[in-house]
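Asker: Have a look at the structure that comes next, please.
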Amino acid sequence: MGNVESLAYFVPELVLTVTLVLALLASIFGVDRAKWDVIGALSLVGTIVAFLFHIALYDKPATIIFQGMLVHDMFALFFRGFFIFCTAIIIFMTMFSSEVFSLKKGEFYAILLSVTIGMCLVASSHDMVMIYLALELMSLGSYILAGFARKIGKSEEASLKYVLYGGVSTGMMLFGLSLLYGLTGSTGFEGVRQGLANASGGIDLAVYAIFIFILAGAGYKIAMVPFHFWAPDVYEGAPTPVTAYLSVASKGAGFALLIRLAFSILLQPGESGAWIEVGSINIDWMFTIALLSAITMTIGNLGAIVQVNLKRLLAYSGIAHAGYILMGVSTLTTAGLESVIFYLIMYLFTNLVAFLVIIMMVEAQDDDRITAVRGLWKRAPYSAVFMTVALISLIGIPPAAGFVGKVYIFFAILQSQMYWLAVIGALNTVVSLYYYARIIKAMFLEEAPDAEPFTLKPVYLGLLIALTIPIIYFGLFWNPLVNYAKFCAQLIQ
Amino acid sequence: MESQNHLLTWMTFWPLIGAAVILCTPSRAKLFIKQLAFLFTLPSLACGLWMMKDYDPALSYQFVAKVPWIETFNIFYFVGADGLSVPLLLLTVFLCPICILASWGINDRVKGYFSLFLLLETGMLGVFISLDFFLFYVFWELMLLPMYFLIGVWGGPRREYAAIKFFLYTLFGSVFLFIAMIVLYINTGSSFDLTTLGPDIAASSFWANAANLKWWLFLAMFVAFAIKIPAFPFHTWLPDAHVEAPTAISVILAGILLKMGTYGLLRISYPILPDMAVKFAIFIAVIAFINIIYGALVAMAQTDLKKLVAYSSISHMGIVMLGMAAMTPAGMNGAVLQMFNHGTITAMLFLLVGVVYDRAHHRNIDGFGGLAKNLPVYAGITAVAFFAALGLPGFSGFISEVLAFMGGFMSHILWIRIITIIGTSGIVLTAVYMLWTYQRMFLGPVNEKYADMPDCTLREKVTLIPIAIIVLVLGIFPNLLINLFEPTMGRLVELLSKNF
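Those protein sequences? They're chains S and B, same order as listed. Sequential numbering from 0 applies to the first sequence in numbering that gives the first Met the number 0. Sequential numbering from 0 applies to the second sequence in numbering that gives the first Met the number 0.
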């Protein structure tokens, strides 16, 4: 499809771009010194409008747009909606947060929006150069966001570590993509897949190496072992709204990247929802990803046990959840893709609630250690209850949404008869209970004699309720979400 | 759609409504909250009694309601009761109001305690009415969190350790149940229906050739249920949890939660995989034997009264498992009867421990002496409970133990018969520690320290005497209860006997 007609499919990103420019301009003209956070409100409106436009796109049939650079399919559309929704929530959180220094808020929103545009492009890329550029657009902004609390040493350190790891990982991925170009002589996904299919054989090792390189890029975004080392430091150092953003949207973008590349280049649809290798390539992708997933969740969970800082703990928990979601990817089936989408939705609500409570904690007492939530039950009962809901959802206990997310993932891997992976995943759930329960224990069972009670800001309370209702509702009535996930697990061919 | 019966739904969800109402009550109105909690357990009890009016033991599932819940995964809100669940439902709705009364002394965070308690009741009843595996699992897990808090917040000195240990152990078992559930679902044409899973598997050619898979599935489910029972070697959470929990919660734990393990085996493992159940019979019998003897021996060595009762539970649940492993009509009936009787007798024992602990603030068996002189009522009720627990004829425990052991003697497997013969020595051991404890606490010279200890209050009598009556009545007319489940158990035995 030509460039001009393609614009109709690109409206959400256009809206975001306009909002971004407006935010920057407003910042230049000193609007962010106003008493009210005008730029935040503007960005929020922009994202909401973008989200509404994205809904309208569900009616349009899947197609390739911008002369083969991007695609419009349900898979991409899900992720675009996911990113924009998450951004809207993060903007809302930031508007009332004191952690992001007020004078630079205009820049903050602008960068946040640019990262979101990058993520949307990652999810809908159909060309290797495009996907790399999109990844970089998203990464560069993330580095700045992580270091946004620039007067705090930790934040600077976080940013620097993020840059270093990011640079290496995306560099490796770029190298892998260049090898692919060398093998097939094409940068477009279709051309690459065609080239691989036509290869006469003997390229298994090369393709395997390429896959590992691609995994480096995607794995770094999703905090997959062994590319996870940045996560705890960055999560701890970055301002908490940014951490929340990285833990949800950035992780989702990593999965979009991985699935897009693997399922568009290396795999093709086979029979009854299974995806098979293209051409004569004969590599056990399933086992590779499954092994990485098992290692990732185990290291994530074991690492979390010894943490004393809540944000670091959630970083390791995020690594563990990356492992759970990778289980869904490792099946290489459509059911697996559905489970990934399904889980990400659950994870979005759950993690945002958890981080929102931490944001309030940090604001109230400038302390993000587990000991800081001691006696929270007495000091701020509502936040303790909401945090508990989020935690049981992370553990995966009914009736919280995290449980049905797990149901779907285990359903997918057991359908592929990966029993060993299911057992490892299940045991990991038990391990995770231990450290999540530590937080519950601190909130309800321990006392903090000298700590002051604090009141919730009404906006936070409203947001908490708004985000917690889906956790419980989808935990009990997940039929619509199953249909939605099935609908969205369609990649263009 | 055929007409739906909402009786069981009301029975299960009344306490949940109560929990919601209590959450909306100001936390200063402590007495009012307690009264509310008590009131909200009564409709369930009424539903339970109402159920008995229409219940026909000869039929299988009754009071059935089946409503689609998650259509895409073929999950139903599917509830019903049969001879296996009816006694346990009665036990639950009967014990819960008593436990609320027994919790009257709770004065710390009353609102939280009673709302969690009611949530727990909903979870327990839900487990017993579920005929959909997924629904069963949801209720099964739903109880974890309230129980964690009830032990962890209102428990004894080591409550945090006990609470997390309970949580971890149970979840460890649950995740295997979870995997087994999904594997069954995938390989039976997408069904969670507990009433049809068994026949489906028996008729399917895939399962006929999947003995290995079935073996693993049975093991996975067995681990989940064994932890709840708790069967050796998964029993170590029990003494901690029971000892640290507040009295009423110990009653619930021992009286109802432990039954879920054996209930799960009889409701899910046995009917769905009867051939594997037969294969595992000897294994279950060995574990039952260890439970009976080891539990009794460890109980004998205890100095803490509550710990003694906790270990006696392990021993008594061994008898349930032995009856189940026998797979004979007498054994099965004995097992279910023992489940009910253990529920009432242990409930009494824990309540009695609570009575003395409230007064003396310790539970050291040797720290008392001659209590019978000043506390005649307490000593009398304790005697009833102890004699029932050690299986004295005339009390309910006797009937069920005899049935279970008789079932074991009649087992078609020689080894189970031998195990049963040695296992009966558990009765003697139980008598030893029960009588010895009674002697140390109630007989002998009066301990001057407790000379002016007051006897049971009215509230304590109201909690204890109804249970004592049931224990006595069932000791003399056990058929009142056996008639309820005998046909159901007969069908189960028949199903199993096809696989001998």
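Think of the CB as a built atom: it goes at the ideal place given N, C-alpha and C, for glycine as much as any other residue. Quick caveat, the model's predicted, so the values are computed rather than measured.
Does DSSP classify Trp-419(S) as helix, strand or coil?
Answerer: helix
Asker: What does Val-355(B) reach in chain S if we use C-beta pairs closer than 9 Å?
Answerer: Here the premise fails: no neighbours, minimum Cβ distance about 27 Å.
Asker: What residue range does the beta strand (DSSP E) around Pro-67(B) cover?
Answerer: 61-69
Asker: Can you tell me whether DSSP reads Asn-363(B) as helix, strand or coil?
Answerer: When secondary structure is reduced to three states using DSSP, Asn-363(B) falls in the strand class.
Asker: What does a CB cutoff of less than 6 Å around Thr-487(B) pick up in its chain, not counting 5 residues either side in sequence?
Answerer: Excluding positions up to five away in sequence, the list reads Asp-81, Gly-82 and Leu-83.
Asker: Indicate the three-state DSSP secondary structure (helix, strand or coil) for Gly-302(S) in the structure shown.
Answerer: Gly-302(S) carries a helical assignment under DSSP once its states are collapsed to helix, strand and coil.
Asker: Cα-Cα, which of Leu-176(B), Met-275(B) and Leu-257(B) is closest to Ala-207(B)?
Answerer: Met-275(B)
Asker: So what's Val-277(S) in DSSP terms, helix, strand or just coil?
Answerer: In this structure, DSSP gives Val-277(S) a state outside helix and strand, which the three-state scheme calls coil.
Asker: If I follow the unbroken beta strand (DSSP E) through Ala-80(B), where does it start and stop?
Answerer: 74-80
Asker: Relative to the C-alpha of Tyr-356(B), which residue among Ala-244(B), Ser-312(B) and Ile-74(B) is closest?
Answerer: Ala-244(B)
Asker: Please classify Leu-163(S): does DSSP put it in a helix, a strand, or coil?
Answerer: helix
Asker: Hey, would you say Ala-61(S) sits closer than 7 Å to Ile-491(S), going by beta carbons?
Answerer: yes
Asker: Just the Cα atoms here: how many angstroms apart are Leu-266(S) and Thr-186(S)?
Answerer: Going from the Cα of Leu-266(S) to the Cα of Thr-186(S) covers about 16 Å.
Asker: Does the beta carbon of Val-429(S) come closer than 7 Å to any beta carbon on chain B?
Answerer: The beta carbon of Val-429(S) falls within 7 Å of a beta carbon belonging to chain B, placing the residue at that interface.
Asker: Taking 7 Å as the CB-CB cut-off, is Gln-414(S) touching chain B?
Answerer: yes
Asker: If you pair each beta-carbon of the region 185-197 of chain B with each one of the region 247-259 of chain B, do three or more pairs fall below 8 Å?
Answerer: no
Asker: Using the Cα positions of Glu-140(B) and Thr-327(B), report the straight-line distance between them to the nearest angstrom.
Answerer: 31 Å
Asker: Decide yes or no for the touch test of the region 79-92 of chain S against the region 118-134 of chain S: beta carbon pairs closer than 8 Å, at least 3 of them.
Answerer: yes
Asker: What does DSSP give as the partner residue(s) for Ser-129(B) in the beta ladder?
Answerer: Val-78(B)
Asker: Looking only at C-alpha atoms, which of Ala-18(B), Ala-219(B), Ser-249(B) and Phe-75(B) sits nearest to Leu-94(B)?
Answerer: Ser-249(B)
Asker: For Arg-157(B), name the three-state secondary structure that DSSP assigns.
Answerer: coil
Asker: Measure the CB-CB distance between Gly-396(B) and Ala-388(B) and report whether it falls below 7 Å.
Answerer: yes
Asker: So, is the C-beta of Glu-159(B) closer than 7 Å to a C-beta in chain S?
Answerer: yes
Asker: Under DSSP, the alpha helix (DSSP H) around Val-70(S) begins and ends at which residues?
Answerer: Here Val-70(S) belongs to no alpha helix (DSSP H); instead the beta strand (DSSP E) covers 69-71.
Asker: By how many angstroms is the C-alpha of Ile-69(B) removed from the C-alpha of Trp-477(S)?
Answerer: Straight-line Cα distance between these residues: approximately 7 Å.
Asker: Given a limit of 7 Å on CB to CB distance, which residues of the region 158-188 of chain B reach chain S?
Answerer: Glu-159, Ile-163, Phe-166, Leu-167, Leu-170, Phe-171, Val-174, Phe-175, Phe-177, Ile-178, Ile-181, Val-182 and Ile-185
Asker: On a CA-only basis, which of Gly-79(B), Ile-32(B) and Leu-494(B) is nearest Asp-55(B)? Give me that one, please.
Answerer: Gly-79(B)
Asker: Flag Met-0(B) as yes if its beta-carbon sits less than 7 Å from any beta-carbon of chain S, otherwise no.
Answerer: Because Met-0(B) sits at a pLDDT of 46, beneath the cut-off of 50, its placement in the model cannot be relied upon, and the following sentence gives the value as read from the coordinates. No, no contact with chain S.
Asker: From the DSSP output, in three-state form, read off Asn-503(B) for me.
Answerer: What is shown of chain B runs 0 to 499, which leaves residue 503(B) out entirely.
Asker: My guess is that Tyr-161(S) and Ser-141(S) are in contact by the Cβ rule of under 8 Å, so how many angstroms apart are they, rounded?
Answerer: Confirmed, Cβ separation roughly 7 Å.
Asker: Please report the straight-line C-alpha distance between Leu-471(B) and Pro-465(B), rounded to a whole angstrom.
Answerer: 10 Å
Asker: Would you identify the three-state DSSP class for Leu-83(B), choosing helix, strand or coil?
Answerer: Shown here, Leu-83(B) sits in coil according to DSSP, grouped into three states, outside any helix or strand.
Asker: For the region 191-225 of chain S, which segments carrying the alpha helix (DSSP H) assignment without a break, of at least 4 residues, lie completely within its bounds, in sequence order?
Answerer: 203-221
Asker: Would you call the region 357-367 of chain S in contact with the region 298-306 of chain S, where contact means no fewer than 3 C-beta pairs closer than 8 Å?
Answerer: no
Asker: How long is the line joining the alpha carbons of Leu-348(B) and Tyr-310(B), rounded to whole angstroms?
Answerer: The alpha-carbon atoms of Leu-348(B) and Tyr-310(B) are separated by roughly 12 Å.
Asker: Are the CB atoms of Met-320(B) and Ile-289(B) within a distance shorter than 7 Å?
Answerer: no
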